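Protein chains: 2
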Amino acid sequence: MMKYKELGLKLTPQRLSILSYLEGNREHPSAEEIHRKVSRKFPTMSLATVYNTLETLKRQGRLTEITIDPDKRHFDPNLEKHHHLICSKCKRIADIQVEFDLALTEEAIQGFEITGSHVEFYGTCPDCRNKETGEVK
Amino acid sequence: MMKYKELGLKLTPQRLSILSYLEGNREHPSAEEIHRKVSRKFPTMSLATVYNTLETLKRQGRLTEITIDPDKRHFDPNLEKHHHLICSKCKRIADIQVEFDLALTEEAIQGFEITGSHVEFYGTCPDCRNKETGEVK
DNA sequence: ATTAATGCAAACACTTTGCAATGGA
DNA sequence: TCCATTGCAAAGTGTTTGCATTAAT
Chain A
36 MMKYKELGLK LTPQRLSILS YLEGNREHPS AEEIHRKVSR KFPTMSLATV
86 YNTLETLKRQ GRLTEITIDP DKRHFDPNLE KHHHLICSKC KRIADIQVEF
136 DLALTEEAIQ GFEITGSHVE FYGTCPDCRN KETGEVK
Chain B
36 MMKYKELGLK LTPQRLSILS YLEGNREHPS AEEIHRKVSR KFPTMSLATV
86 YNTLETLKRQ GRLTEITIDP DKRHFDPNLE KHHHLICSKC KRIADIQVEF
136 DLALTEEAIQ GFEITGSHVE FYGTCPDCRN KETGEVK
């Protein structure tokens with residue numbers, strides 16, 4: 036379990052349940068997914084609280100926001116440097132733990148100060164590939 | 036000018052003006068930005084028409100949607116393979132015309148069928164860097 | 001006792017939809 | 001003429017905000 040208290044933040048049951056849901060989660064859930072899941076054990080949980088907590092965690096650097104899906108925000112508690120594989124059909128996002136050499140020339144950088152990078156691969160996931168071949172069109 | 040007629044689509048003045056605005060544009064505008072600009076010369080232009088046209092162009096593969104900004108959709112008429120540099124302060128998106136070796140092992144691919152990839156770099160653009168150093172905090 | 005966090009509802013921003021009117025082909 | 005496209009307004013989605021209440025410290 037992440038140490039939340041050490042950050043000088045109040046340790047509410049709501050936050051605890053969001054944290055434990057996120058712990059080790061590799062599914063890049065949206066705020067709404069987190070809310071739905073956590074609501075089961077905590078029916079009064081408000082969506083606003085989910086957003087608040089996510090925002091706080093993001094600011095603390097304990098969470099990354101993934102901007103891959105134009106429809107909704109997704110969150111990633113995996114702090115190790117990694118990249119993503121996105122299924123164009125079902126929108127599933129998988130981690131890809133590979134290091135790439137993304138060296139840039141001075142010219143390419145155009146005067147930017149680079150602070151990070153991220154690679155996304157698009158494709159079709161195994162499940163969706165199976166559905167396609169199995170289907171009679 | 037892109038050949039729109041050849042696609043079997045009606046060549047309306049609205050579409051023509053959107054197309055000419057997009058032609059050679061390297062600013063990755065949002066629908067709203069496109070609408071604002073095009074409205075100057077075409078005051079009755081509807082936002083719905085902008086979205087319609089963008090959707091059509093996207094389906095035709097004459098345009099790519101960039102999912103970098105969680106707040107709004109951005110569109111990129113640059114069809115050459117390229118990547119992006121995003122300013123974390125002002126959200127400006129610049130093209131970066133570099134080829135990377137993004138080879139993946141079978142294992143890393145996790146059964147996906149890869150169809151494309153995209154690299155995004157985060158950082159601070161020259162303008163925002165200047166503002167920072169010039170400012171008295 | 002303090003003060004931050006919660007929950008609700010209302011407000012927001014962006015995008016999509018329904019549909020009658022319009023105008024390219 | 002015909003049917004796709006337009007423009008408007010209304011509806012829809014995801015997210016944020018205001019604020020009184022609650023509860024962690």
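Top to bottom, those sequences are chains A and B.
When we follow the working numbering, the leftmost residue of the first sequence carries the number 36, and every step to the right adds one.
When we follow the working numbering, the leftmost residue of the second sequence carries the number 36, and every step to the right adds one.
Every residue, glycine too, gets a C-beta built ideally from N, C-alpha and C.
For clarity, every value in this text was computed on a predicted model and none was experimentally measured.
How long is the line joining the alpha carbons of H63 of chain A and K107 of chain B, rounded to whole angstroms? Here residue 63 of chain A refers to the residue found at position 28 of the first sequence. Here residue 107 of chain B refers to the residue found at position 72 of the second sequence. Those two C-alpha atoms are separated by around 20 angstroms.
Is L89 of chain B buried or exposed, if buried means 16 or more other CB atoms sit within 10 Å of its CB? If you number the second sequence from 1, residue 89 of chain B lands on position 54. Looking at its Cβ environment, which holds 16 or more other Cβ atoms inside 10 Å, L89 of chain B is buried.
State buried or exposed for T168 of chain A, treating a residue as buried only when at least 16 other CB atoms are found within 10 Å of its CB. On the first sequence, position 133 is the one that residue 168 of chain A refers to. Looking at its Cβ environment, which holds fewer than 16 other Cβ atoms inside 10 Å, T168 of chain A is exposed.
At a cut of 8 angstroms, does the region 150-166 of chain A reach the region 118-128 of chain A through at least three beta carbon pairs? yes
Taking the Cβ atom as the reference point for each residue, do P105 of chain B and T84 of chain A lie within a distance shorter than 8 angstroms? Sequence index remark: in the second sequence, residue 105 of chain B carries index 70 (1-based). Sequence index remark: in the first sequence, residue 84 of chain A carries index 49 (1-based). No. Outside cutoff.
Can you give me, in chain order, the residues of the region 111-127 of chain A that have a beta carbon less than 8 angstroms from any beta carbon in chain B? L120, C122, S123
Distance, R164 of chain A Cα to E148 of chain B Cα: Residue 148 of chain B sits at position 113 when you count from the first residue of the second sequence. Residue 164 of chain A sits at position 129 when you count from the first residue of the first sequence. E148 of chain B and R164 of chain A: Cα-Cα distance of roughly 8 angstroms.
Distance between I69 of chain B and D130 of chain B (C-alpha atoms, nearest Å): Within the second sequence, residue 130 of chain B is the residue found at index 95, counting from 1. Within the second sequence, residue 69 of chain B is the residue found at index 34, counting from 1. Between D130 of chain B and I69 of chain B, the C-alpha separation is close to 18 angstroms.
Closest to G151 of chain A by CA distance: which of A:R50, A:K166, A:H117 is it? On the first sequence, position 116 is the one that residue 151 of chain A refers to. When only C-alpha atoms are compared, the closest one is A:H117.
Determine which residues of the region 143-163 of chain B have a Cβ less than 7 angstroms from any Cβ of chain A, and write them out in chain order. A143, Q145, G146, F147, E148, I149, T150, G151, S152, H153, V154, E155, F156, Y157, G158, T159, C160, P161
Rounded separation between R127 of chain B and L57 of chain B - CA only: If you number the second sequence from 1, residue 127 of chain B lands on position 92. If you number the second sequence from 1, residue 57 of chain B lands on position 22. So the two alpha carbons sit approximately 17 angstroms from each other.
Given this structure, state the Cα-to-Cα distance separating G59 of chain A from N113 of chain A, to the nearest angstrom. The count along the first sequence starts at 1 and reaches residue 59 of chain A at position 24. The count along the first sequence starts at 1 and reaches residue 113 of chain A at position 78. Cα to Cα, the separation comes out at about 7 angstroms.
I53 of chain A versus V73 of chain A: straight-line alpha-carbon distance, rounded: The count along the first sequence starts at 1 and reaches residue 53 of chain A at position 18. The count along the first sequence starts at 1 and reaches residue 73 of chain A at position 38. Going from the Cα of I53 of chain A to the Cα of V73 of chain A covers about 6 angstroms.
Sort out for me which residues DSSP pairs G158 of chain B with in a bridge. Locating residue 158 of chain B in the second sequence gives position 123, where the first residue counts as 1. DSSP output for G158 of chain B lists A:I149, B:C122 as bridge partner(s).
Could you name the residues of the region 77-110 of chain B whose beta carbon sits closer than 8 angstroms to any beta carbon of chain A, in the order they occur along the chain? E100, T102, I103, D104, P105, R108
Going by C-alpha distance, which of B:T47, B:K76, B:R71, B:S65 is nearest L98 of chain B? Here residue 98 of chain B is taken as the residue at index 63 of the second sequence, counted from 1. The residue with the shortest Cα to Cα distance from L98 of chain B is B:S65.
Is D111 of chain B buried or exposed, if buried means 16 or more other CB atoms sit within 10 Å of its CB? The count along the second sequence starts at 1 and reaches residue 111 of chain B at position 76. By the 10 Å Cβ count, D111 of chain B comes out buried.
Which residue wins for smallest C-alpha separation from A143 of chain A, given the options B:L137, B:E142, B:H119, B:R75? Translated into the one-based positions of the first sequence, residue 143 of chain A becomes position 108. Nearest of B:L137, B:E142, B:H119, B:R75 to A143 of chain A, Cα basis: B:H119.
Near-chain B residues of the region 126-141 of chain A (beta-carbon distance less than 8 angstroms), N- to C-terminal order: A129, I131, Q132, V133, F135, D136, L137, L139, T140
Quick check on the DSSP output: the alpha helix (DSSP H) that includes A143 of chain A runs from which residue to which? Walking along the first sequence from the start, residue 143 of chain A turns up at place 108. Here the alpha helix (DSSP H) through A143 of chain A covers 141-144.
Measure the CB-CB distance between V154 of chain B and V133 of chain A and report whether it falls below 8 angstroms. Within the second sequence, residue 154 of chain B is the residue found at index 119, counting from 1. Within the first sequence, residue 133 of chain A is the residue found at index 98, counting from 1. It is not a contact, given that the beta carbons lie outside the stated cut-off.
Have a look at the DSSP bridge pairing and note the partners of A129 of chain A. As a working note, residue 129 of chain A is residue 94 in the first sequence. Looking at the DSSP assignment, A129 of chain A forms a beta bridge with A:L120.
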